[in-house]
Amino acid sequence: MTAAAHVERKMLPGFRVTMGFTLLYLLLIVIVPLSALFGKAQALKFGELVQALTSPRVLAAFRLSVGASIVAASIDAVAGLLIAWVLVRYTFFGKRIIEALIDIPLALPTAVAGIALTTAYSENGVLGRHLAAHGIAVAFTPLGVTMALVFVGLPFAVRAVQPVLADVEIELEEAATSLGATRWQTFRRVTFPLILPAIVSGAAQAFARAVGEYGSVVFISGNMPMKTEIVPLLIVTKLEQYDYAGATALAAAMLLLSLGLLILLHRLQGAIQVGGRT
Amino acid sequence: MEVNLSSVHKSFGAHTVLRGIDLKVHEGEIVALLGPSGCGKTTLLRIVAGLETPDSGQVLVGNRSPTGKPVVGFVFQHYALFPHMTVFENIAFGLRVKKRKDRLPEPKLRKRVEELLALIRLDHLASSRPTQLSGGQRQRVALARALAVDPAVLLLDEPFGALDASVRKELRRWLKKLHEELRVTSILVTHDQEEASEIADRLAVINHGVLEQVGTPHEVYSRPASPFISTFLGDANVLQGVVRAGSVRAADLSLSLNGSANGNADGKKATVVIRPHDLELLSTAESAGYRGTADALLATVRRVRNTGPLVRVDLLTKGGLSLEAQLLETAPLEVDAEVSIRVRAHRLFLE
Amino acid sequence: MIRVLLIAIVLALVGLLLGVPLYVVFHEAFASGWGAYVSALGDGDTRTALLLSAIVIALVVPLNTVFGVAAAYVTTRFAFPGKRFLAALIDLPLTVSPVVAGLVFVLLFGTHGLFGDFLERHEIKIIFALPGIVIATAFVTFPLVARELAPAMEAQSADQEEAALLLGASGWTTFWRVTLPRVRGALAYGVVLCTARALGEFGAVSVVSGHIRGSTNTLPLHIEVLYNDYAFAAAFAVSSLLVGVTFINLVARGIWK
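Chains as they are written, first to last, in the numbering used here: chain V, 65 to 342; chain S, 188 to 538; chain H, 3 to 259.
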């Protein structure tokens, strides 16, 4: 082997070109705009900022956005686990169709999802009419908002758990069985602890997506201030009323929330990789 | 408790893995299921464990069929330790999942686990996670975990397959000692005949799903029931010959029938197996005494290999047979030298 | 048995939660008959919206693809300080609410924005015009190509590229003939994802576009306008077009994953 054969990665060309372009693009499209947001938010006086963020209408919107997202993410976590379990452990007729359907909320344009969900859950809609018969109204209520967010977050919950579940060595479960554990004991003591980080990660991803979701929710919510107004819509409304300060404050708060979630998710990813096999 | 297998058949799809296995494992003995990869030995072990069900035939552990309930302890090749539990909890697992009425009170449970930890000499690692242990340590924990539930039968699936050679040897010895202490009926699956011979009381050699021979290591080695077994256990020279006029002929080699055929064997094909250490290299003086008999052959030395205490010599007889001899020591041999060789013992398998 | 029960529950869940919206789109689109469906698609404003959407993806997708390739290459083939931060930065638009994304560009380029005066003086319209829509869409979709390419490039060692270089190929040649062909599939899928997402982007575009019917409405915005005008059948008719794109997306995913 000659010395030339020991090529270090640094000899790969194009570092400057690709790095330069990447940084430039990021700068223009991401960094500058986001800095403008924080700059503008900073320009607000502290009093203004607090007022913008704590008016009753804003607080109600936060309660709805965050509350509905938490509920939706929890529902998604359970449904996601069920769906992932069935997809990983069983084969059955129509499995491939189900696999494809899971990704619909990711692939479908949010506006289309929004009007379709509203129509489905409205009083004479395909789903809404059965619920109305039991006195449950969905469209234009917080429940409707929650159901739309369940739709939006489901793929995240499923896709986070699926690969981790598939990776659990079958021998671990066989070992538990050979030691006398029942199927439930095996699930509770062996399988579940191993997939728990993935379930939490999926729920967190669903939550992150849900809290900022606009198109899928804005139609079904009805947007009644103090009742069914979500934060993203409130931002748009304030913009239309030229309340730039208010909109900026809200947007900055949302952005901080996003950043916090991003960090949390990265940590969770680490935990998933560490809790591996023997 | 003893294990009784009768006429066990198993296929996976179109592939028949086990054909009519009959085997009896006595109380307190270790039997090694020995055979090449894919011969069905692991499947058979899993059937005894209750992890697979046979297509036909009977499997009895004690006098109950196995259903995966804690009659058996199973040790996996890749340990299958629970990564999210400590060593202590791994060993305690079988005790914790017992039905309420069978469960030990916590202090007794802890004591039992501590006893086992002492037995495998890993008391100091009780709160460690499996990922922090070496391969050999993990396998010991896996064994302790299986023993914790007082199994009637202990099943080990290539337990040392994933370990380094030196660790393997050490654990082999340790397992043998442990078995002598505990005397649990055990079945060990391995493709390593040295390991099987060292640990097991009896060997069950399986080839392509068929149980070809069961016996002590010595029996199986010195009186193999088929050419396959003779080559699988230890080195062997395998020759194809024909029976003619009361002896078996292969090229320029003529050997006695060893009483293994009656008079009407003429013309039958036969497989001759000669162990390398049963080939004698004669000195010139000794050859003189044998000249004229077909027992001594002339051969040229093709290669000499000094591997530690043994000398392996590749020979080519005048008649074109390639043979390997194994000697403890010899006068220096040169390639292309001519020697006389004599077959001290051989085994014969008729068609 | 428990197996059958679980499968049944999952089938019901998926059907109700995910299948129903699809059904609704087509059911409503054709509720007023085939004729109404066709005329909704042929309507002038619809065609303008279609054209606008097409222009947007024609601009956004190639730009983001080039970026995606560059970003994936630089993060998987090199080590440098701050790499993890860069990777996180690339992921950022995915966690940001689309409305926030639109807002930041309004803050930059709107009449009261950072560059507002400058733009007004030179009569450049970004917000409430095509450029704003393009930029906002680019922001929201730019991680998509990079995120598909990066794992594919990561999974393939740089050995082949180094071999090409040692054989005398130039950087560009190596890139075109060795690097790119090996990640063809991931690249194609990334482009499909980016295109589908760009076509369907609603929140961010809604903020920057000004909703001027017939001039700054992309397809999703046009759907909103129709719906708010109670022209339900038309809204769903146009939606069915986008669902067509969704199917392409799902099929591509099924092939690639």
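Beta carbons: idealized from backbone N, C-alpha and C, even for Gly.
Being a predicted model, the structure only gives us computed values, none of them experimental.
(request) Identify, in the order they occur along the chain, each residue of the same chain with its Cβ nearer than 8 Å to the Cβ of L350(S), setting aside the five sequence neighbours on each side. (result) G322, G323, Q326 and L358
(request) Only counting runs of 3 or more residues, tell me where the beta strand (DSSP E) segments fall wholly within the stretch 247-312 of chain S, in order along the chain. (result) 259-262
(message) Using a Cβ-Cβ cutoff of 8 Å, what residues of the stretch 303-317 of chain V are near chain H? List them in chain order.
(response) L303, Y306, Y308, A311, T312 and A315
(request) State the Cα-Cα distance for the pair F130(H) and V101(H), rounded to the nearest angstrom. (result) 15 Å
(request) Whole angstroms is fine: what's the gap from R127(V)'s alpha carbon to P206(V)'s? (result) 11 Å
(request) Spell out a yes or no on whether the stretch 264-275 of chain V and the stretch 297-310 of chain S are touching, meaning 3 or more CB-CB pairs, one atom from each, closer than 8 Å. (result) no
(request) Excluding the 5 residues preceding and the 5 following M290(V) in the sequence, name in chain order all residues of the same chain whose CB lies nearer than 8 Å to its CB. (result) P120, R121 and A124
(request) May I ask you to list the residues that DSSP assigns as paired with L510(S)? (result) L502(S)
(message) Starting from G134(H), trace the alpha helix (DSSP H) in both directions and tell me its first and last residue.
(response) L132 to A157
(message) I need the boundaries of the beta strand (DSSP E) containing E399(S), first residue and last residue.
(response) V397 to G402
(message) Spatial neighbours of T197(H) within its chain, please: C-beta separation below 7 Å, excluding the five flanking residues on both sides.
(response) I59 and V63
(request) Determine the DSSP secondary structure at K85(H), reduced to helix, strand or coil. (result) helix
(request) Using a cut-off of 9 Å between C-beta atoms, extract the partners of R332(S) located in chain V. (result) A239 and L243
(request) List the endpoints of the continuous alpha helix (DSSP H) containing F111(H). (result) P100 to F111
(message) Using the Cβ count rule (16 or more neighbours within 10 Å means buried), how would you classify V195(S)?
(response) buried
(message) Determine, for A131(H), whether the minimum Cβ-Cβ distance to residues of chain V falls below 8 Å.
(response) no
(request) Say whether the stretch 299-318 of chain V touches the stretch 143-160 of chain V, bearing in mind that this needs 3 or more beta-carbon pairs closer than 8 Å, one atom from each stretch. (result) no
(message) Once DSSP output is grouped into helix, strand and coil, what is the label at K364(S)?
(response) helix
(message) Taking the straight line between their C-alpha atoms, what separation do you get for T97(H) and G276(V)?
(response) 8 Å
(request) Quick one: using the 10 Å Cβ neighbour count with 16 as the cut-off for buried, is T155(V) buried or exposed? (result) exposed
(request) Select from the stretch 278-292 of chain S all residues with a C-beta closer than 7 Å to any C-beta belonging to chain V, and list them in chain order. (result) F280, G281, V284 and K285
(message) Which runs of the beta strand (DSSP E) at least 3 residues long sit entirely within the stretch 403-470 of chain S? Give them in chain order.
(response) 424-431, 434-437, 440-443, 456-461 and 466-469
(message) So, does the stretch 185-195 of chain V touch the stretch 32-51 of chain H, judging by three or more C-beta pairs under 8 Å?
(response) no
(request) Would you decide whether T248(H) is buried or exposed? Buried here means 16 or more other CB atoms lie within 10 Å of its CB. (result) buried
(request) Let me know if N230(H) comes out buried or exposed under the rule of 16 or more other beta-carbons within 10 Å of its beta-carbon. (result) exposed
(request) Identify, in the order they occur along the chain, each residue of the same chain with its Cβ nearer than 8 Å to the Cβ of P496(S), setting aside the five sequence neighbours on each side. (result) L515
(request) Could you tell me how far apart the beta carbons of L273(H) and V209(H) are, in whole angstroms, since I believe they sit closer than 8 Å? (result) Outside the displayed range of chain H (3 to 259) lies residue 273(H), so it cannot be described from this structure.
(request) Evaluate T403(S) with the Cβ neighbour count: other Cβ atoms within 10 Å of its Cβ, from every protein chain shown; 16 or more gives buried, anything less gives exposed. (result) exposed
(message) Whole angstroms are fine: how far does the CA of K363(S) sit from the CA of V190(S)?
(response) 20 Å
(request) Use the C-beta contact count for Q319(S): other C-beta atoms within 10 angstroms, 16 or more gives buried, fewer gives exposed. (result) exposed
(request) Can you pull the chain S residues whose beta carbon is under 8 Å from the beta carbon of V225(V), in chain order? (result) Here the premise fails: no neighbours, minimum Cβ distance about 16 Å.
(request) Using a Cβ-Cβ cut-off of less than 9 Å, list which residues of the stretch 166-180 of chain V approach chain H; keep chain order. (result) I166, D167, I168, P169, L170, A171, L172, P173, T174, A175, V176, A177, G178, I179 and A180
(request) Taking only the alpha-carbon atoms, compute the straight-line gap between L485(S) and Q400(S) and give it to the nearest angstrom. (result) 36 Å
(request) For V216(V), collect the residues of the same chain with a Cβ closer than 7 Å to its Cβ; drop the 5 residues on either side in sequence, then sort them by chain order. (result) P169, R273, A274, E277 and S280
(request) Starting from T230(S), follow the alpha helix (DSSP H) in both directions and report where the run begins and ends. (result) K228 to A236
(request) Measure the CB-CB distance between A262(V) and V228(V) and report whether it falls below 8 Å. (result) yes
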